[in-house]
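Numbers given in my numbering equal positions in the sequence shown, counted from 1, plus 61. The beta carbon of each residue, even a glycine, is placed where N, CA and C say it ideally should be. Since this is a predicted model, take the numbers as computed values, not measurements.
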Amino acid sequence: MASAVLCPACQTRNRPTWEFCVRCGESLEGAKPAAPLTPAAVRASARAEAAPTDLASFYLVLMCAILFGTVALACRNLASQPPPPPPSPGVYAFGGPPAPPPPVSPAPPVDNNAATGRRLMAQGRAAEALPFLEKAVAADPSSAELRHTLGRAQWETGDRDRALGSYAEAARLAPATYRLFYGQTLDALGRTGEAAAELEGVLAGQPGNTTAQEVLGRLYYRRGDYARAVPLLEALATRTRDLVVLQQLGYAAEKSGDRDRAVAAYREVLAAEPGAAVARSLLAESLASAGRRDEAVSLLQEGLQSSPDAPGLHRSLGSVLEGMGRGADAAAAYREYARLAPNAPDAAAVAARAARLEAGLKESGS
């Protein structure tokens, strides 16, 4: 084998085993053997072959120096930075309870007088609640609820006048909530004129308030203001079909001149409760006043067949019979009434009437 081959491109001598020229990098495929070198040429060739190796070593050393310098500079920069904060323990936690929330600022203090007063009232301790509620009202005078609660405490401790003042102020501050209660309280105390004014005010603002209708209707009925009572009692009876209300409606209608409405109301009561002696007596009196005395007598006798011990039926029967000129029968009915109801306020007067009728019959020889 030849000791060297020539590069076809640059004529550099290369070892036969090399595939590329050491100088130009061209392929040595098909390179021709080189002629033997003289001793001087051999030494030059050796230096040429060593050159690439020395150059590569130079580049390697240069790259290492650059790398070392870069690393040293980075280390110096890192050393000059402040240390990072330690990681949160939660980063490495697996499960377990969550970390507690940050502390919350306490709520601003509140006035506990109102809360204490309400609590004591709920426990039925009105006397103890009273000073707390007074302080609460002084701190918040525009609170209708506190005014009303204070009124309750005053009422329960016997201070009715101050309680009415508190109720009135609560009604003024919140009429839709407290005016009805104030009106009912006035009515319970017998101050019907003031109560009527308050209840009328409630209905002016709330025409469909059924409680106000009922209370005011009954108030008018008790006062004898029957014309005003009728429409309110009518509305209440239509809604409830309550027999007592129907009976009151009949009486109010009779007294205000609407006899037909009275008769209809009484008959409705008797249809639902045939044993309602008062309604039967009132109906009989209405019929007799309308000139329908025979019908009235039949109605009363029908009631006495099922309720012979009903004193009111005997008294009404005596009245109708007396109006028909049947003195003896009327006196007997009056006597029975006085016997069944000896403690009635009019028992003595009815017995005396029976005696006069009997005396008159004797004088006339009947």
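Following a CB-centred definition, is Asn404 positioned closer than 8 Å to any heavy atom of the ligand PLP? The ligand content of the structure shown is nil, which means the ligand PLP is not present either.
Alpha carbon to alpha carbon, what distance is there between Arg186 and Arg289? Distance between the alpha carbons of Arg289 and Arg186: 42 Å.
Simplified DSSP assignment, three categories, for Ser368: The answer is coil: DSSP assigns Ser368 none of H, G, I, E or B.
Alpha-carbon spacing of Tyr327 relative to Gly311, whole angstroms: Distance between the alpha carbons of Tyr327 and Gly311 is about 6 Å.
Quick check on DSSP: helix, strand or coil for Pro236? Helix, per DSSP.
CA-CA distance, Ser342 and Val411? Going from the Cα of Ser342 to the Cα of Val411 covers about 16 Å.
Suppose you measure from the CA of Asp191 to the CA of Ala214; what does that come to, to the nearest Å? What sits at residue 191 in the sequence shown is Leu, not Asp. Roughly 6 Å separates the two Cα atoms.
Quick one, are the C-beta atoms of Ser227 and Arg208 less than 9 Å apart? Less than 9 Å separates the beta-carbon of Ser227 from that of Arg208.
Would you please state the rounded distance, in angstroms, between the beta carbons of Leu304 and Ala338? I believe it to be under 8 Å. Not quite, the Cβ-Cβ distance comes to about 12 Å (not below 8 Å), so this is no contact.
Classify Tyr153: buried if its beta carbon has 16 or more other beta carbons within 10 angstroms, exposed otherwise. At Tyr153, the pLDDT of 38 sits below 50, so the modelled position is not reliable; the number obtained from the coordinates is stated separately. With fewer than 16 neighbouring CB atoms inside 10 Å of its own CB, Tyr153 falls in the exposed class.
Report the option in Ala420, Leu234 and Leu307 whose CA atom is closest to the CA atom of Pro202. Checking every option, the nearest Cα to that of Pro202 belongs to Leu234.
Proximity of Leu247 and Leu277 at Cβ, strictly below 9 Å: No, the Cβ-Cβ distance between Leu247 and Leu277 is not below 9 Å.
How many whole angstroms separate the CB atoms of Ala258 and Gln267, which I take to be in contact at a CB cut-off of 8 Å? No, Ala258 and Gln267 are not in contact; Cβ-Cβ is about 15 Å, not under 8 Å.
Looking at the secondary structure, which residues open and close the alpha helix (DSSP H) in which Thr272 lies? That run of the alpha helix (DSSP H) goes Thr271 to Arg284.
When we look at the beta-carbon of Arg414 and count the other beta-carbons within 10 Å, is it buried (16 or more) or exposed? So Arg414 ends up on the buried side.
Cutoff 7 Å; reference Glu230; Cβ partners in own chain excluding five residues on either side: Only Arg208 meet the Cβ criterion.
Decide if Leu194 is buried, meaning its Cβ has at least 16 other Cβ atoms within 10 Å, or exposed. Residue burial annotation: Leu194 is buried, with at least 16 other C-beta atoms found within 10 angstroms of its C-beta.
Using the C-alpha atoms, what's the distance from Gly244 back to Glu261? Computed Cα separation, rounded: 9 Å.
Below 8 Å on the Cβ atoms is my contact criterion, and I expect Ala391 with Leu382 to pass it. Report the Cβ-Cβ distance as a whole number of Å. Confirmed, Cβ separation roughly 4 Å.
Could you give the first and the last residue of the continuous alpha helix (DSSP H) run that contains Trp216? Here the alpha helix (DSSP H) through Trp216 covers Ala205 to Glu217.
Can you tell me whether Ala92 is buried or exposed, with buried defined as 16 or more other CB within 10 angstroms of its CB? By the 10 Å Cβ count, Ala92 comes out buried.
With DSSP as the reference, identify every bridge partner of Arg74, one or two as the case may be. The bridge partners DSSP lists for Arg74 are Leu67.
Taking the alpha-carbon of Gly254 as reference, which of Arg76, Asp286 and Ala237 has the nearest alpha-carbon? With distances taken between Cα atoms, Gly254 lies closest to Asp286.
Could you check where the alpha helix (DSSP H) with Gly386 kicks off and where it finishes? For Gly386, there is no enclosing alpha helix (DSSP H), since its DSSP letter is neither H nor E.
Close beta carbons around Val66, own chain, < 7 Å, minus the five adjacent residues each side: Take Val66, set aside five residues on each side of it, and the residues of its chain with a beta-carbon closer than 7 Å to its own are Asn75, Pro77, Leu89, Ala92, Lys93, Pro94 and Ala95, in chain order.
On the criterion of 16 or more Cβ atoms from any shown chain inside 10 Å, does Leu348 qualify as buried, or is it exposed? By the neighbour-count rule (16 or more Cβ atoms within 10 Å), Leu348 is buried.
Pick out whichever of Glu295, Pro403 and Arg300 has its Cα sitting closest to the Cα of Ala313. Comparing alpha-carbon positions, the option among Glu295, Pro403 and Arg300 lying closest to Ala313 turns out to be Glu295.
Same chain, Cβ closer than 6 Å to Arg18, neighbours up to 5 away in sequence not counted: The requested residue 18 is not part of the displayed model; the chain covers only 62 to 427.
Using a Cβ-Cβ distance cut-off of 9 Å, determine whether Leu293 contacts chain C. Protein chain content of the structure displayed is limited to a single chain, and chain C is not contained in it.
Have a look at Gly388, Ala394, Gly269 and Leu297 and flag the residue whose alpha-carbon is nearest the alpha-carbon of Leu365. Residue Ala394 is the option with its Cα nearest to Leu365.
Counted within 10 angstroms of its Cβ, other Cβ atoms place Thr210 as buried (16 or more) or exposed: Buried.
Below 8 Å on the Cβ atoms is my contact criterion, and I expect Ala332 with Ala345 to pass it. Report the Cβ-Cβ distance as a whole number of Å. In this structure Ala332 does not touch Ala345 by the C-beta definition: roughly 16 Å separates them, more than the 8 Å allowed.
Taking the alpha helix (DSSP H) that Gln309 falls in, what are its first and last residues? Start and end: Leu304 to Lys316.
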